[in-house]
Amino acid sequence: MRVSEFLMPTLRETPAEAEVVSHQLMVRAGYIRKSAAGVYTLLPLAWRVIKKIEGIVREEMDREGGQEIMMPIIQPAELWQESGRWDVYGPELFRLKDRHGRDFCLGPTHEEIITDLVRGEVSSYKQLPLLLYQIQNKYRDERRPRFGLMRGREFIMKDLYSFDRDEESLDVSYWKMYRAYTRIFRRCGLKFRPVEADSGAIGGNDTHEFMVLAESGEALVVYCPNDSCGYAANVEKAVSPPERPVYETGARPLEEAATPEMRTVNQVASFLGISPKTLIKTLIYKTEKGPVAALVRGDRDVNEIKLIRAVGVINLELAPPEEVERITGCAPGFAGPVGLGGVKVVVDEEALMANAVSGSNKKNIHFVNVNAGRDFKPDLVTDIRLVKAGDPCPSCGIPLAEARGIEVGQVFKLGDKYSKVLGATFLDEKGQSRPIVMGCYGIGVTRTMAAAIEQNYDQNGIIWPSSIAPFQVVVIPVSAKDIRQDEMARRVCEKLLKAGVEVIIDDRNERPGVKFKDADLVGYPVRITVGSKAVDSGDLELRLRRDGNNIMIPEADLVNRVLEILSEDQEITDAG
RNA sequence: CGGGAUGUGGCGCAGUUUGGUAGCGCGCCUGCCUUGGGAGCAGGAGGCCGCAGGUUCGAAUCCUGUCAUCCCGACCA
279 MRVSEFLMPT
289 LRETPAEAEV
299 VSHQLMVRAG
309 YIRKSAAGVY
319 TLLPLAWRVI
329 KKIEGIVREE
339 MDREGGQEIM
349 MPIIQPAELW
359 QESGRWDVYG
369 PELFRLKDRH
379 GRDFCLGPTH
389 EEIITDLVRG
399 EVSSYKQLPL
409 LLYQIQNKYR
419 DERRPRFGLM
429 RGREFIMKDL
439 YSFDRDEESL
449 DVSYWKMYRA
459 YTRIFRRCGL
469 KFRPVEADSG
479 AIGGNDTHEF
489 MVLAESGEAL
499 VVYCPNDSCG
509 YAANVEKAVS
519 PPERPVYETG
529 ARPLEEAATP
539 EMRTVNQVAS
549 FLGISPKTLI
559 KTLIYKTEKG
569 PVAALVRGDR
579 DVNEIKLIRA
589 VGVINLELAP
599 PEEVERITGC
609 APGFAGPVGL
619 GGVKVVVDEE
629 ALMANAVSGS
639 NKKNIHFVNV
649 NAGRDFKPDL
659 VTDIRLVKAG
669 DPCPSCGIPL
679 AEARGIEVGQ
689 VFKLGDKYSK
699 VLGATFLDEK
709 GQSRPIVMGC
719 YGIGVTRTMA
729 AAIEQNYDQN
739 GIIWPSSIAP
749 FQVVVIPVSA
759 KDIRQDEMAR
769 RVCEKLLKAG
779 VEVIIDDRNE
789 RPGVKFKDAD
799 LVGYPVRITV
809 GSKAVDSGDL
819 ELRLRRDGNN
829 IMIPEADLVN
839 RVLEILSEDQ
849 EITDAG
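Put into structure tokens, the structure is as follows:
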């Protein structure tokens, strides 16, 4: 391939609208162009990378017995109405009508379609297990698309659905996918971590998210630094043993303390000269089942996901100040559980300390020596706190560490949620009809490309892991007008091509600086420079993008050295 | 959806306060020249100033509306 004929419009300046590195570099290096918010055209460079990632995904899916199919993007409303998600999915579903006024949507996911397929075609336990997957565009009308390909409204996703006869068999499918995902992201050269995750509104038990570790990640995970333990979880899901209060004494009489204009935990604690740990923080939430007061220890935050599950609601959000005032009779900052009526009181197990300080529902006054049971009655005591770095690991007890991650994949046990509502059943050996037990497993392919850049770049541009680079090698003749350089460069390209290396030659009539800058920006793992020295001596200069080191290599050895280097790079990145 | 900001040539921006010929840098085209880290000279092409109304002799500039894009938040099987 020749750069002179290849559409890779690089820019000298960083586009103003791009915020994160992967987005900036993909636009600047000529990989993508925006079409609308969260919708992009993938130029040849990006498409080559996508095809590389897809190739790896396909191999690993097929290795585990996955069968590739292709399902429609346009899906009929009836199926979504049947599953109940036409109403539940909300404004994130792209909806459209055909000329007859019939409702359709652009598929954000394919549970409905595939369950519809399987209910029609599978009727016997003999046909199970079945693993079907596709790599397809998906559509979600995100409230706020952002970060380029990281959170688009149109994106490429691999989704595999497993169909099993029972939980035990589902477990086998689940771990097949878990292992396949580990291999996929390792082969893509990514540093990642599978973490336990919340299963969301969909229910079910086991689910893991695969997180590519990067500062720009939208998700926060905690993990056990002890490798032999291996606990890791999304903070939405993470648990940690409750800290036992050591300052427990007999219950003292409830007292009022003046706390003028002291609204935050820290203000109250320092004003009263006590630790935030002795405070109870009371947060008022509104839900479709009425208001909820969530109580956590002063130094803790509420994990809203846990709270949603504890209360058994679908919608939950912090009540606005007016509503807090209506419910507690007082402005936010002085809410407390004592004397609170008409509100469900949920208390974190750690907030059940003796003689605590809490709001009094009266302005500028807090209660001292508040004791649950005596002064207020919790409706529910459970774990609703957000785990943070430093909390003990639930499995081995040593302090947890924290990291940010980009969710690139999720494996999920669906159970019979969809098979039941859509009537996907099979007959077992005894002739009994049972719902098929399902799992779903997604990989964000476009997001994986973005994540790879987030993890592999420097100030000059992208540094691709060679397994997913658009080209593995760029050959740069220093002067395109020098016939001898041109000949040598072409010869080198030919040899590499014959050896199966993906190579592009920068044959533009540009000054060498321009070509070097572009090569760094685009991120080819290996660069071969053909200058007058090379022509005279027969030694070629080979430079690795990752470490910037130059190596001189005789032309005769070049192909072997390149193959060697590429496989070494693969191993480095494989080590993850 | 709430808060904030921005829309001027392919990209990055100035000009808007105080209305009066639409500018700069990069990129692009032609020629000369140059060739180891985004060279130089000369000549050129390219803009409905987001869109629609309004005010005015006259609007990129003032007013009203609208759309789009970006950021923060909320949200995210």
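Position one of the first sequence corresponds to residue 279 (the working numbering), numbered consecutively onward. Where a beta carbon is used, it is the ideal one built from N, C-alpha and C, also for glycine. Just so you know, these numbers come straight off a predicted model, no measurement behind them.
Residue i to residue j span [Cα, whole Å]
i, j, result
"A729", "G619", "49 Å"
"G854", "R823", "Its pLDDT being 43, under 50, G854 is placed unreliably by the model, and nothing is read from it."
"E514", "E582", "8 Å"
"W325", "M727", "10 Å"
"Y459", "A510", "16 Å"
"G709", "V715", "17 Å"
"M489", "E849", "21 Å"
"E860", "D657", "In the structure as shown, the chain begins at 279 and stops at 854. Residue 860 is therefore absent and cannot be evaluated."
"L573", "V659", "9 Å"
"V580", "R663", "5 Å"
"V752", "A767", "10 Å"
"R336", "V625", "48 Å"
"L427", "S361", "30 Å"
"P293", "R306", "7 Å"
"N642", "A536", "6 Å"
"K793", "R805", "11 Å"
"G801", "S810", "25 Å"
"D814", "R769", "15 Å"
"E356", "L395", "14 Å"
"D669", "E291", "44 Å"
"V840", "L818", "11 Å"
"E628", "L585", "14 Å"
"A702", "A667", "44 Å"
Residue closest to residue i, alpha-carbon to alpha-carbon, out of the options
i, options, result
"L799", "W742, R839, A758 and S810", "W742"
"E600", "C608, E685 and L844", "C608"
"S367", "R762, Y309, I592 and V781", "Before going on, a small fix: residue 367 reads as Tyr here, not Ser. Of the listed residues, the one whose Cα sits closest to Y367 is I592."
"Y563", "M435, E628, L596 and I754", "L596"
"D706", "Y403, S548, V779 and L438", "Y403"
"I754", "L820, P656, D814 and K584", "L820"
"V689", "G343, G430, I721 and P748", "I721"
"V646", "L557, G495 and M339", "L557"
"L550", "E534, T560 and T565", "E534"
"F372", "D419, A572, K776 and E788", "D419"
"H486", "M455, N738 and D784", "M455"
"Y309", "T288, N512 and E297", "T288"
"L678", "V500, S711 and G430", "V500"
"V635", "I552, G701 and V623", "I552"
"D847", "S745, V781, D814 and S815", "S745"
"F654", "V665, K666, G668 and S638", "S638"
"A492", "G611, M435, G344 and V299", "V299"
"R457", "E338, V837, P503 and F425", "E338"
"Q414", "G385, C502, I740 and R397", "G385"
"L561", "T807, G611, E295 and D449", "G611"
Buried/exposed call for residue i, threshold 16 Cβ in 10 Å
i, result
"G508", "exposed"
"P538", "exposed"
"K375", "exposed"
"G495", "buried"
"R380", "exposed"
"T319", "exposed"
"W358", "buried"
"M348", "exposed"
"H388", "buried"
"Q353", "buried"
"K567", "exposed"
"T393", "buried"
"R789", "exposed"
"T542", "exposed"
message: Extract the residue ranges of the beta strand (DSSP E) inside the stretch 812-837, only unbroken runs of 3 or more that lie entirely within it.
response: Within the stretch 812-837, the complete beta strand (DSSP E) runs of at least 3 residues are 817-822 and 828-832.
- request: Would you mind listing the beta strand (DSSP E) stretches within the stretch 762-794 that are 3+ residues and don't spill past its ends, in chain order?
  value: The qualifying runs are 781-783.
- request: Spell out a yes or no on whether the stretch 314-325 and the stretch 826-846 are touching, meaning 3 or more CB-CB pairs, one atom from each, closer than 8 Å.
  value: The stretch 314-325 and the stretch 826-846 do not touch, with fewer than 3 CB-CB distances between them shorter than 8 Å.
query: Quick one: complete beta strand (DSSP E) runs, 3+ long, within the stretch 339-365?
result: Listed in chain order, the complete beta strand (DSSP E) runs (minimum 3 residues) inside the stretch 339-365 are 352-354.
query: Fully enclosed by the stretch 489-555, which alpha helix (DSSP H) runs are 4 residues long or longer?
result: Those alpha helix (DSSP H) runs which fall completely within the stretch 489-555 and span 4+ residues are 543-550.
task: May I have a chain-ordered list of the alpha helix (DSSP H) segments no shorter than 4 residues that lie completely inside the stretch 637-721?
output: Within the stretch 637-721, the complete alpha helix (DSSP H) segments of 4 residues or longer fall at 695-700, listed in chain order.
query: Pairing CB atoms from the stretch 773-781 with CB atoms from the stretch 756-763, are three or more of them under 8 Å?
result: Because the criterion of three Cβ pairs below 8 Å is not met, the stretch 773-781 and the stretch 756-763 do not touch.
task: Go through the stretch 553-606 residue by residue and report every complete run of the alpha helix (DSSP H) that reaches 4 residues or more, in order.
output: Here the runs fully enclosed are 582-589 and 599-606.
- prompt: Looking at C-beta atoms only, is the number of pairs between the stretch 665-676 and the stretch 689-702 that lie closer than 8 Å three or more?
  reply: Segments in contact, no.
message: I'd like the ranges of any beta strand (DSSP E) spanning at least 3 consecutive residues and lying wholly in the stretch 387-420.
response: Counting only runs of 3 or more, we get 408-417.
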